[in-house]
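Visitor: Below is one structure. I have some questions about it.
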Amino acid sequence: MNNHVVSSKTFLTISTYLTGYSEVELLGTGMLETYFNVFLEKFSPETLHYFFAEVDEILLESAGDEDQINAAIAARLIPDSAYDGIAKNIILVWYTGNWGSDVISTQSYQQGLMWDAAEAHPPGAKQPGYGSWANLPIRIPTK
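Sequential numbering from 470 applies to the sequence shown in the working numbering.
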C-alpha cells in the first residue's frame, strides 16, 4: 500500500457522484462526518484505502469529464464484487440514513436524501407546517 490517505473530502467527492447531490447539499445534511465514521468502523482500513485510491485514480484519469467519471464509477466501483460493496453502501447510507436495517441516528433518519428525492418529509419529523394541507400536492406528469 502506498501512503494514500482516506479522507472525508474524498468521501464527500465520491458521494456527490453516487447520490447526484452537490457537495453543498450533502454538507447541508450535517451528516458527512457521521457517515464517514460509519465507513471507517464498518470496513477494514485496507479495503477503504484501495477504494479511495481507486476513486482518486478515476477522478485523475477522467480530468473532469463527467461522462467518463460516471462510466468509470459504474464499471469499477458499483459491481457487487468491487471493494466489498462500499459504493453501494455509500448510496444507501446517504439516501436512507440506515446501515442495513439499523438506523444510524435520529438525525440520519431525518436527513435521508430519500425524503428530498420523493418531495416528502420523514414521518414524525420535519413536518411541512400548519395549513400545508390546504395546498394541492405537486403533480408529476405521467407518460
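Think of the CB as a built atom: it goes at the ideal place given N, C-alpha and C, for glycine as much as any other residue.
Pick out whichever of Leu-605, Gln-576, Ala-603 has its Cα sitting closest to the Cα of Gly-593.
Guide: The shortest C-alpha separation from Gly-593 is found at Gln-576.
Visitor: Can you give me the Cβ contacts of Tyr-564 inside the same chain, cut-off strictly under 8 Å, excluding the 5 residues immediately before and after it?
Guide: For Tyr-564, where only same-chain residues beyond five positions count, the Cβ hits under 8 Å are Thr-488, Gly-581, Leu-582, Met-583, Ala-586.
Visitor: When burial is assigned at 16 or more other CB atoms within 10 Å of the CB, is Ser-498 buried or exposed?
Guide: Strictly speaking, residue 498 in this sequence is Thr, with Ser absent from that position. Buried is the call here.
Visitor: Identify the continuous alpha helix (DSSP H) that holds Arg-608 and give its terminal residues.
Guide: It is not in any alpha helix (DSSP H) - Arg-608 carries neither H nor E in the DSSP assignment.
Visitor: At which residues does the alpha helix (DSSP H) containing Asn-604 begin and terminate?
Guide: It is not in any alpha helix (DSSP H) - Asn-604 carries neither H nor E in the DSSP assignment.
Visitor: Taking buried to mean at least 16 other C-beta atoms within 10 Å of its own C-beta, is Ser-601 buried or exposed?
Guide: When all chains shown are included, Ser-601 counts as exposed.
Visitor: Would DSSP call Val-562 helix, strand or coil?
Guide: Residue state, collapsed to three classes: helix.
Visitor: From the DSSP output, in three-state form, read off Val-507 for me.
Guide: Helix at Val-507.
Visitor: Quick one: is Gly-554 near chain D, going by C-beta distance under 9 Å?
Guide: Looking at the structure shown, chain D is missing, and only one protein chain is on hand.
Visitor: Name the two residues that bound the continuous alpha helix (DSSP H) containing Glu-588.
Guide: Careful: Glu-588 lies outside any alpha helix (DSSP H) and carries neither H nor E.
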